[in-house]
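J.: Have a look at the structure that comes next, please.
There are 2 protein chains.
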Amino acid sequence: MQRKTGQREAIKRAIREAERPVGPLEIRDLAEAYSPGVGIATIYRTVKSLLETGWLAPVEIPGGPTLYELAAKPHHHHFHCRECGKVFEVHGCAGHFQKMTPPGFQLEGHEVILRGLCDQCSAKSKVPQAS
Amino acid sequence: MQRKTGQREAIKRAIREAERPVGPLEIRDLAEAYSPGVGIATIYRTVKSLLETGWLAPVEIPGGPTLYELAAKPHHHHFHCRECGKVFEVHGCAGHFQKMTPPGFQLEGHEVILRGLCDQCSAKSKVPQAS
DNA sequence: GGCAAATTGATAAGCCGTTATCAGGTGCGG
DNA sequence: CCGCACCTGATAACGGCTTATCAATTTGCC
Chain A
1 MQRKTGQREA
11 IKRAIREAER
21 PVGPLEIRDL
31 AEAYSPGVGI
41 ATIYRTVKSL
51 LETGWLAPVE
61 IPGGPTLYEL
71 AAKPHHHHFH
81 CRECGKVFEV
91 HGCAGHFQKM
101 TPPGFQLEGH
111 EVILRGLCDQ
121 CSAKSKVPQA
131 S
Chain B
1001 MQRKTGQREA
1011 IKRAIREAER
1021 PVGPLEIRDL
1031 AEAYSPGVGI
1041 ATIYRTVKSL
1051 LETGWLAPVE
1061 IPGGPTLYEL
1071 AAKPHHHHFH
1081 CRECGKVFEV
1091 HGCAGHFQKM
1101 TPPGFQLEGH
1111 EVILRGLCDQ
1121 CSAKSKVPQA
1131 S
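So the protein sequences, as listed, match chains A and B.
Reminder that position 91 of the first sequence reads as 91 in the working numbering, one-by-one numbering, no gaps.
Reminder that position 101 of the second sequence reads as 1101 in the working numbering, one-by-one numbering, no gaps.
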């Protein structure tokens, strides 16, 4: 039987409050506030079980570890900042993907990844030395 | 000085003839026809130098090795078959990505990955036992 | 409280793509 | 056709992310 432990609650809370896709290491850092000393193995174990229950959804970004976000989100895509490496949610989906699909191919889904600078990194690069 | 070797020619020819993004292992298999016994280390070395010369471009697909394609191609995107795992080129780019970019973010590029079944796998799943 | 089973944390081990190493082979300028 | 610098192939080593192991701890039902 699945027990309710402080660690699991801390991990769920950390992911919920991140408000953007996060990886295992970042989850641990965030969960640290609610469950000090939580081990990385627990993060992986818990993430795995949360994926199985459908509470979490994986977000795969090339060149990095798999990130995770709440599964109960409407259709959206992601913005990958080349500076800080963080991934953000972007809303809307402007695309006509069926038109791009070659004849004979069955389109089942799509992924859009925008790349560039997030708001914070964009501001920093414009004003290298802050006030 | 960069020499002209049979292996390098074989690798370039293999990639040129693949007509879709290919990974190191697949490059080796294809190059095998033109340079039997070519080693995987040579593939990696050659790919690296071809990237530096701008002849090749990397194609990063989540959950797999980096693929490579000829750099001299017009803007396009990719279709990832969930059955055979191969990646195909798709032409056109129907999207309004600037509209999706959050305020303060700087959009520099985008990636679109369509997922589903390629023509061959699609045909197979419809007719499991061929004629 | 008490106990069995689930959970945890530290760490070893595994996995996979990639790179380094090095002895032997080879293109090419002279 | 010589010789050396470059290239090659086999394989070991590497780096990162993830999973397995296991003793110690904790949860939840009685």
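We put the beta carbon where it would ideally sit given N, CA and C, even for glycine.
Given the structure is predicted, the values throughout are model-derived calculations rather than measurements.
What does the Cβ neighbour count give for His-1077 of chain B, buried or exposed, with the cut at 16 atoms within 10 Å?
T.: As a first step, residue 1077 of chain B must be located in the second sequence, where it is residue number 77. That one is buried.
J.: By the 10 Å Cβ neighbour count, where 16 or more other Cβ atoms means buried, how is Ser-49 of chain A classified, buried or exposed?
T.: Here residue 49 of chain A refers to the residue found at position 49 when the first sequence is read from its first residue. Exposed, by the Cβ-count rule.
J.: Give me the chain B residues within the contact set of Leu-25 of chain A, using Cβ-Cβ distance strictly less than 9 Å, ordered along the chain.
T.: Taking the first residue of the first sequence as position 1, residue 25 of chain A is located at position 25. The contacting residues do not exist; Leu-25 of chain A stays about 18 Å from chain B at best.
J.: Please determine if the stretch 99-113 of chain A and the stretch 33-41 of chain A are in contact, where contact requires at least 3 C-beta pairs separated by less than 8 Å.
T.: In short, these stretches do not touch, since the Cβ pair count stays below three.
J.: Can you give the Cα-Cα distance for Arg-3 of chain A and Lys-1073 of chain B, rounded to whole angstroms?
T.: One-based indexing of the first sequence puts residue 3 of chain A at position 3. One-based indexing of the second sequence puts residue 1073 of chain B at position 73. If I take the Cα positions, the gap works out to 54 Å.
J.: Below 6 Å CB to CB, which residues in the same chain sit around Ala-130 of chain A once its five sequence neighbours on both sides are set aside?
T.: For the purposes of this step, residue 130 of chain A is taken as the residue at position 130 of the first sequence. Its pLDDT being 49, under 50, Ala-130 of chain A is placed unreliably in this model, and the value from its coordinates should be taken loosely. Here the set comprises nothing.
J.: Can you tell me the Cα-Cα spacing of Leu-41 of chain A and Gln-1098 of chain B, whole angstroms?
T.: Within the first sequence, numbered from 1, the residue matching residue 41 of chain A stands at position 41. Within the second sequence, numbered from 1, the residue matching residue 1098 of chain B stands at position 98. Contrary to the premise, residue 41 of chain A reads as Ala rather than Leu in this sequence. Taking the straight line from one Cα to the other gives about 40 Å.
J.: Listing by chain order, which chain B residues have their CB less than 7 Å from the CB of Gln-106 of chain A?
T.: Walking along the first sequence from the start, residue 106 of chain A turns up at place 106. Gly-1116, Leu-1117, Ser-1122, listed in chain order.
J.: In chain A, which residues lie with their C-beta within 8 Å of the C-beta of Val-1090 of chain B?
T.: As a working mapping, residue 1090 of chain B is identified with position 90 in the second sequence. What Val-1090 of chain B touches in chain A: Met-100, Thr-101, Pro-102.
J.: May I ask you to report which of helix, strand or coil DSSP gives Gly-6 of chain A?
T.: Position 6 of the first sequence, counted from the first residue, corresponds to residue 6 of chain A. Gly-6 of chain A: helix per DSSP, three-state reduction.
J.: Could you check whether Val-87 of chain A and Val-1112 of chain B sit closer than 8 Å to each other, using their CB atoms as the reference points?
T.: Along the second sequence, one-based indexing puts residue 1112 of chain B at 112. Along the first sequence, one-based indexing puts residue 87 of chain A at 87. Their beta carbons are not under 8 Å apart, which means Val-1112 of chain B does not touch Val-87 of chain A by this criterion.
J.: Shorter than 8 Å from the beta carbon of Ala-14 of chain A to some beta carbon of chain B?
T.: In the first sequence, residue 14 of chain A corresponds to position 14, counting from 1. With 8 Å as the cut-off, Ala-14 of chain A does not count as an interface residue toward chain B.
J.: Does Val-1022 of chain B have its Cβ less than 8 Å from a Cβ in chain A?
T.: Against the second sequence, residue 1022 of chain B aligns to sequence position 22. No, no contact with chain A.
J.: Kindly list the residues whose CB is nearer than 8 Å to the CB of Leu-1030 of chain B, restricted to its own chain and excluding five residues on each side of it in sequence; keep chain order.
T.: On the second sequence, position 30 is the one that residue 1030 of chain B refers to. Answer for Leu-1030 of chain B: Ala-1014, Ile-1015, Glu-1017, Ala-1018, Val-1022, listed in chain order.
J.: State the start and end residues of the unbroken alpha helix (DSSP H) segment that holds Arg-28 of chain A.
T.: By one-based count along the first sequence, residue 28 of chain A stands at place 28. 24-31 is the span of the alpha helix (DSSP H), which, as asked, contains Arg-28 of chain A.
J.: According to the Cβ coordinates, are Gly-64 of chain A and Gly-85 of chain A closer than 8 Å?
T.: Along the first sequence, one-based indexing puts residue 64 of chain A at 64. Along the first sequence, one-based indexing puts residue 85 of chain A at 85. Contact flag set, yes.
J.: Which chain A residues are close to Pro-1065 of chain B, counting only those with a beta carbon under 8 Å from its beta carbon?
T.: Counting from 1 along the second sequence, the entry for residue 1065 of chain B is found at position 65. Chain A residues near Pro-1065 of chain B: none, gap ~11 Å exceeds 8 Å.
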